Amino acid sequence: MNQSEFVRPFIFAMLAAIMPGAAAIAADDLGDYRIEAATVSKHLMEDLSAELVREMKAGGPPAAIGVCTEAAPRIAGELSREHGWKVTRVGTRVRNPLLGMPDAWEQEVLAQFAARIGAGEAIADVDHAEIVSESDGRYFRYMRAIGVRDPCLVCHGPDAGIPAAVKAMLSEKYPHDEARGYRAGDLRGAVSIKRPLKD
Ligand code: HEC
Numbered sequence: 137m138n139q140s141e142f143v144r145p146f147i148f149a150m151l152a153a154i155m156p157g158a159a160a161i162a163a164d165d166l167g168d169y170r171i172e173a174a175t176v177s178k179h180l181m182e183d184l185s186a187e188l189v190r191e192m193k194a195g196g197p198p199a200a201i202g203v204c205t206e207a208a209p210r211i212a213g214e215l216s217r218e219h220g221w222k223v224t225r226v227g228t229r230v231r232n233p234l235l236g237m238p239d240a241w242e243q244e245v246l247a248q249f250a251a252r253i254g255a256g257e258a259i260a261d262v263d264h265a266e267i268v269s270e271s272d273g274r275y276f277r278y279m280r281a282i283g284v285r286d287p288c289l290v291c292h293g294p295d296a297g298i299p300a301a302v303k304a305m306l307s308e309k310y311p312h313d314e315a316r317g318y319r320a321g322d323l324r325g326a327v328s329i330k331r332p333l334k335d
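Read left to right, the sequence shown gives residues 137 to 335 (the working numbering).
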């Protein structure tokens, strides 16, 4: 037996001991889920960025509002059906509480993301995967950080930089809007993915 054959089972035993929830699902499965979840969330963010740039060029900020109101839930819904997972976007501060509000686990992970970014980690690299036991079963859960970039600021930046027409539209549709005042490089939220596990 070479050294790695000896060490590997030992590492798995250690992991099972420190992560009791993970013991029932094979380590390979968890790795696969994580890779798939990372791919799905990058796909969502890239599609949204591309739509945003296209709409901003075609019709300016008022047209681009549709990217966050319609395209984001539509693409997330398509990905959910395609993969059989729940794919959503949540915010650190929320514009639409019905869709964008993080649950308790998501809030905790967002707080960890903020701390990691504060400690110097690049937003693009920040993600988290975990097996979570909830009252109705066990889930594979995954989040990937969404950063604020310059094109986001027309609708999520400081009030002074938001065009009057956009401000009026936002105030009318989102009276409880908290998703303003961000700056480029801030953590805006995360893509969140939830997949039920069969025990
Ligand atoms: C043209 C305006 C506009 C631009 C530009 C824009 N957003 Fe939004 N964003 C919105 C609106 C409107 C909502 C609320 C959508 C809804 O009703 O669910 C929203 C919601 C969100 C949410 C969901 C959480 C919440 O607060 O409800 C995230 C995350 C988000 N935006 C991220 C971004 C990022 C990242 C960018 C830049 C890449 C961006 N947005 C650019 C208008 C915009």
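Even for Gly, the Cβ is constructed at its ideal location relative to N, Cα and C.
All values reported here derive from a predicted model rather than from experimental measurement.
Within the same chain, show all residues whose beta-carbon is closer than 7 Å to that of residue i, passing over the 5 residues directly before and after it, in chain order.
i: Met-137; result: Residue confidence is low: Met-137 scores 43 on pLDDT, short of 50, so the model does not pin down where it sits. No coordinate-derived value is stated.
i: Val-284; result: His-292, Tyr-318, Arg-319, Ala-320, Gly-321, Asp-322, Arg-324
i: Leu-180; result: Ile-211, Ala-212, Leu-215, Val-223, Val-327
i: Val-203; result: Leu-184, Glu-187, Leu-188, Glu-191
So residue i and residue j are in contact, right, with Cβ under 8 Å, and what is the actual spacing, rounded?
i: Asp-313; j: Arg-252; result: Going by Cβ atoms, the distance from Asp-313 to Arg-252 rounds to 27 Å, so no, they are not a contact pair.
i: Val-290; j: Pro-197; result: 5 Å
i: Ala-212; j: Phe-249; result: Not really, about 19 Å apart at Cβ, beyond 8 Å.
i: Leu-246; j: Pro-233; result: The pair is not a contact, with the Cβ atoms about 15 Å apart (cut-off 8 Å).
i: Tyr-275; j: Pro-311; result: At roughly 33 Å, the Cβ-Cβ gap does not stay under 8 Å, so Tyr-275 and Pro-311 are not in contact.
i: Met-279; j: Glu-242; result: 7 Å
Using a Cβ-Cβ cut-off of 6 Å (strictly less than) and excluding sequence neighbours within five positions of residue i, which residues of its own chain qualify?
i: Arg-170; result: Ala-265
i: Met-192; result: Ala-200
i: Arg-277; result: Glu-266, Val-268, Lys-330
Looking at ligand 2, does it come within less than 7 Å of residue i, judged from the CB to the closest heavy atom?
i: Ser-185; result: What this structure holds is ligand 1, not ligand 2.
So who's on the other strand from residue i, going by DSSP bridges?
i: Thr-205; result: In DSSP, Thr-205 forms no bridge with anything.
i: Lys-330; result: Lys-222, Arg-277
i: Leu-323; result: Gly-283
i: Glu-270; result: Gly-273
Measuring from the CB of residue i, is there a heavy atom of ligand 1 at a distance below 7 Å?
i: Arg-285; result: yes
i: Gly-213; result: no
i: Ile-282; result: yes
i: Ala-200; result: yes
i: Val-302; result: yes
CB-CB under 8 Å to residue i, same chain, minus the five flanking residues each way: which ones, in chain order?
i: Met-336; result: Any property of residue 336 remains undetermined from this structure, which presents the chain solely from 137 to 335.
i: Asp-295; result: Lys-303, Arg-316, Gly-317
Q.
Within 8 Å, do at least three Cβ pairs link the segment 326-334 to the segment 221-229?
A. yes
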